[in-house]
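Quick look at the structure:
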C-alpha cells in the first residue's frame, strides 16, 4: 500500500464528506431529510447515523480499534524493556557502528515514550478519523524501519538472547502495522459508501423542494384610465407701478 496514495485518498474523502454534509443540511431546511439507519455509539447504545466528522461510531469499529491499540501498547512496552537491556558498548564492533546503534535505540525509545502515546490518544478520541489513522500508520512504518536496523546490528554484534527478544518485538510491530493497514482500507471503503449515500440524499432533498411559481401581473381592462394631472402654469407677477412726478405748467412771462 502506497502511503502517499492513502493520504491523498483520505483527504479527498474527508473533503467530499464535509461538502456533502453541508449541502444536505442546507437542503433539509426546506424539505424533510431521509431517515438514516440506526448505528451503535462507542458505548454500545443506539444512536442515529451522523456524518463522519464527529458522528457516531459503530461498536464493532471501536472494539476492533481498541484491540489493535492494546496490542500495540503491549508491543511498545516490551520493546522499551528489551532495548534498555542492550549493552551496545560491549559489542565487538567499530565505533561508528556502536554510535549508530545507540542513536537508533535512543530515537526508538523517545518515539515509544512520547510520540506514539500522543497519536494513540488522538485516535481514541476520533476512532474513524482517516488523517489520524494514517498518522499512526506512518509513525509505525518509521519505527519498523529503524527497529529492523537495530535487530540487524544486534544479530551481527550482540548476544543471541537480545536478538531473539528484539525479533519478537519486531514481529509484533509488523502485525500491528498490517492490522492498521487493513483498517485503513476498510475505513476508506466505508467513507466512499457514505459519500454515495450523501449524494443520493442530496438529490432526493433537492427534488422535494417545490419550484417557486413565476410572478403574475394582473391587468384590469374595465378600470378607467386615469387622466394625467395637468400641471399648473406659474402666475406671472405684475410689475410694480412706477409713480411719475407731476409736471407743473410752465409760467408765461408777462407781456
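Numbering (the working numbering), first residue to last: -4 to 250.
In this text, a Cβ means the ideal position worked out from N, Cα and C, and glycines have one as well.
Note that the structure is predicted; figures quoted are calculated from it, not measured.
Open item on the list: Would you call the stretch 160 to 168 in contact with the stretch 176 to 184, where contact means no fewer than 3 C-beta pairs closer than 8 Å?
Closed with: Touching, no, given that fewer than three Cβ pairs across the two stretches are closer than 8 Å.
Task: Close beta carbons around residue 272, own chain, < 8 Å, minus the five adjacent residues each side - done: There is no way to answer for residue 272, as the model of the chain reaches only from -4 to 250.
Task: For residue 83, three-class secondary structure by DSSP - done: Your numbering for residue 83 matches position 88 in the chain shown. It is helical.
Task: residue 135 and residue 172 closer than 8 Å at C-beta - done: To locate residue 135, count along the chain shown from 1; it is residue 140. To locate residue 172, count along the chain shown from 1; it is residue 177. Judged by beta-carbon spacing, residue 172 lies within the 8 Å limit of residue 135, meaning their Cβ atoms are closer than that value.
TODO: Below 6 Å CB to CB, which residues in the same chain sit around residue 140 once its five sequence neighbours on both sides are set aside?
DONE: Here the question's residue 140 lines up with position 145 in the chain shown. Cβ neighbours of residue 140 beyond the five flanking positions: none.
Open item on the list: Within the continuous alpha helix (DSSP H) that includes residue 185, where are the two ends?
Closed with: Taking the chain shown and counting its residues from 1, one reaches residue 185 at position 190. 155 to 203 is the extent of the alpha helix (DSSP H) around residue 185.
- [ ] Compute the minimum distance between the beta carbon of residue 140 and the heavy atoms of the ligand SAM, and state whether it is under 7 Å.
- [x] The model on display carries no ligand, and the ligand SAM is accordingly not part of it.
TODO: Work out the CA separation of residue 64 and residue 70 for me, nearest whole Å.
DONE: Position 75 of the chain shown, counting from 1, holds the residue named residue 70. Position 69 of the chain shown, counting from 1, holds the residue named residue 64. So the two alpha carbons sit approximately 10 Å from each other.
Task: Stretch-stretch touch, CB-based, cutoff 8 Å, three pairs: the stretch 143 to 160 with the stretch 83 to 103 - done: Touching, per the Cβ criterion.
TODO: Go ahead and pull the three-state DSSP assignment for residue 114.
DONE: As a working mapping, residue 114 is identified with position 119 in the chain shown. Shown here, residue 114 sits in a helix according to DSSP, grouped into three states.
- [ ] Let me know if residue 160 comes out buried or exposed under the rule of 16 or more other beta-carbons within 10 Å of its beta-carbon.
- [x] Within the chain shown, the letter at position 165 stands for residue 160. Buried is the call here.
Open item on the list: Whole angstroms are fine: how far does the CA of residue 55 sit from the CA of residue 114?
Closed with: Counting from 1 along the chain shown, the entry for residue 114 is found at position 119. Counting from 1 along the chain shown, the entry for residue 55 is found at position 60. Near 21 Å, if we compare the C-alpha coordinates of residue 55 and residue 114.
Task: For residue 210, the first and last residue of its enclosing alpha helix (DSSP H) - done: As a working note, residue 210 is residue 215 in the chain shown. Careful: residue 210 lies outside any alpha helix (DSSP H) and carries neither H nor E.
TODO: Output the residue ranges of the alpha helix (DSSP H) runs that lie fully inside the stretch 122 to 156 and measure 4 residues or longer, sorted by chain position.
DONE: Listed in chain order, the complete alpha helix (DSSP H) runs (minimum 4 residues) inside the stretch 122 to 156 are 125 to 152.
TODO: Along the alpha helix (DSSP H) that carries residue 95, what are the first and last residues, could you check?
DONE: Against the chain shown, residue 95 aligns to sequence position 100. From DSSP, the alpha helix (DSSP H) with residue 95 extends over 90 to 105.
Task: Best match in 198, 183, 200 and 170 for proximity to residue 68 [C-alpha to C-alpha] - done: Your numbering for residue 68 matches position 73 in the chain shown. Comparing Cα positions, the closest option is 170.
Open item on the list: If distances are taken between C-alpha atoms only, which option among 78, 190 and 128 comes closest to residue 101?
Closed with: The residue given as residue 101 occupies position 106 in the chain shown. Of the residues 78, 190 and 128, the one whose Cα lies closest to the Cα of residue 101 is 78.
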